[in-house]
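Residue numbers (this note's numbering), protein chains in the order written: chain A, 1 to 127; chain B, 1001 to 1171.
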């Protein structure tokens, strides 16, 4: 079986592995502590909350509920009405660009660098 | 000994197509029931792709395409739902197109074809997720999906290679 492997197979394999490693490395190098968390529901902007203050955000939409908790500078999904609970199991996030996504309820929480106070409502909606 | 093929009459072709689509559907369902890595979405074995690859190699490209499409529509109706449908459709179309082209190029073995299929499937689903829900930051997840697509694609490719070898020798 393995003698069927061609040169092109190996080149493609190396290409995939190297691109994955490069992407990993880029994320690792650019990782910095976040200042706020931005929440979107159904693809629409919902709100931005500072990581400096502990907070619990309840999102209710179409009978789905999500509890997003901010605690000691970290964000996690405390509770979700979704079936698969992937978002709850995703754990805590705190570096810029990290996100927790609940696909069934279409809720996204993403860590941003700036403080919530510096983004005004108009800019946030226009993004 | 009779060679395994897509049948000569339309009835035989329809029957083979149906059997393969049913097999692919069962594989899809098994993957929904038993996740390979629980808790991490998107990491899948791609068992259903095994059937598509077998159809592509042993019968023809059209049968492989039909089997894949029937599987996705049936899976959407039975268990994966509307969102699942969009994800699977995007993944399946892109990975099918990629596998078809790589196979046609004649440069790759079935392992390379399957590996590319796995990666393309994951990448396409990520694009759909980015468009429908989360925006571009979900691409942080891309390296994980490239690695899992490569790894499981190779496993499925090896399996497909063994099955093809034995089926070609006659059943």
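Cβ atoms here follow ideal geometry from the backbone N, Cα and C, with glycine treated the same way. As the structure is a computational prediction, the values presented were derived from the model and not from experiment.
Residue-level contact to chain A via CB, residue 1123/B, 8 Å cutoff: Taking the second chain and counting its residues from 1, one reaches residue 1123/B at position 123. No, no contact with chain A.
One or two residues paired with residue 1017/B in a DSSP bridge: For the purposes of this step, residue 1017/B is identified with residue 17 of the second chain, where counting begins at 1. DSSP lists no partner for residue 1017/B.
Buried or exposed (CB count within 10 angstroms, at least 16 for buried), residue 40/A: Within the first chain, numbered from 1, the residue matching residue 40/A stands at position 40. Flag for residue 40/A reads buried.
Closer than 8 Å to chain A by CB, residue 1119/B: Residue mapping note: residue 1119/B aligns to position 119 of the second chain, counting from 1. Taking Cβ atoms only, chain A reaches closer than 8 Å to residue 1119/B, which makes this a yes.
Neighbour flag for residue 970/B against chain A, beta carbons, 8 Å: Since the first residue of chain B shown is 1001 and the last is 1171, residue 970/B is not available in this structure.
Opposing strand residues paired with residue 102/A [DSSP bridges]: Position 102 of the first chain, counted from the start, is the residue given in the question as residue 102/A. For residue 102/A, which the question treats as bridged, DSSP gives the partners 107/A.
Presumed contact (8 Å Cβ cut-off) between residue 1070/B and residue 1055/B, rounded CB distance: Position 70 of the second chain, counted from the first residue, corresponds to residue 1070/B. Position 55 of the second chain, counted from the first residue, corresponds to residue 1055/B. The pair is not a contact, with the Cβ atoms about 11 Å apart (cut-off 8 Å).
Cβ-based burial, residue 93/A [other Cβ within 10 Å; buried from 16]: The residue you call residue 93/A lines up with position 93 of the first chain. Its Cβ being crowded by 16 or more others within 10 Å, residue 93/A is buried.
C-beta neighbour in chain B for residue 4/A, strict 8 Å: Stepping through the first chain from its first residue, residue 4/A is reached at position 4. True, the Cβ-Cβ gap to chain B drops below 8 Å.
Close Cβ partners of residue 1110/B (< 6 Å) along its chain, the five nearest in sequence each way excluded: On the second chain, position 110 is the one that residue 1110/B refers to. Result list for residue 1110/B: 1157, 1160, 1161, in chain order.
Anticipated Cβ contact below 8 Å, residue 97/A with residue 1140/B, distance rounded: Position 97 of the first chain, counted from the start, is the residue given in the question as residue 97/A. Position 140 of the second chain, counted from the start, is the residue given in the question as residue 1140/B. The Cβ separation is near 6 Å, so the contact holds.
Simplified DSSP state of residue 118/A, which is helix, strand or coil: Here residue 118/A corresponds to residue number 118 of the first chain, with the count starting at 1. Low local confidence applies: a pLDDT of 46 at residue 118/A is under 50, so the model's placement there is unreliable, and no value is given.
Proximity of residue 57/A and residue 107/A at Cβ, strictly below 8 Å: Counting from 1 along the first chain, the entry for residue 57/A is found at position 57. Counting from 1 along the first chain, the entry for residue 107/A is found at position 107. Contact flag unset, no.
Members of the segment 1140-1153 of chain B that neighbour chain A once the beta carbon cut-off is set at 7 Å: 1140, 1142, 1143, 1146, 1147, 1150
Three or more C-beta pairs below 8 Å linking the segment 68-83 of chain A and the segment 42-56 of chain A: yes
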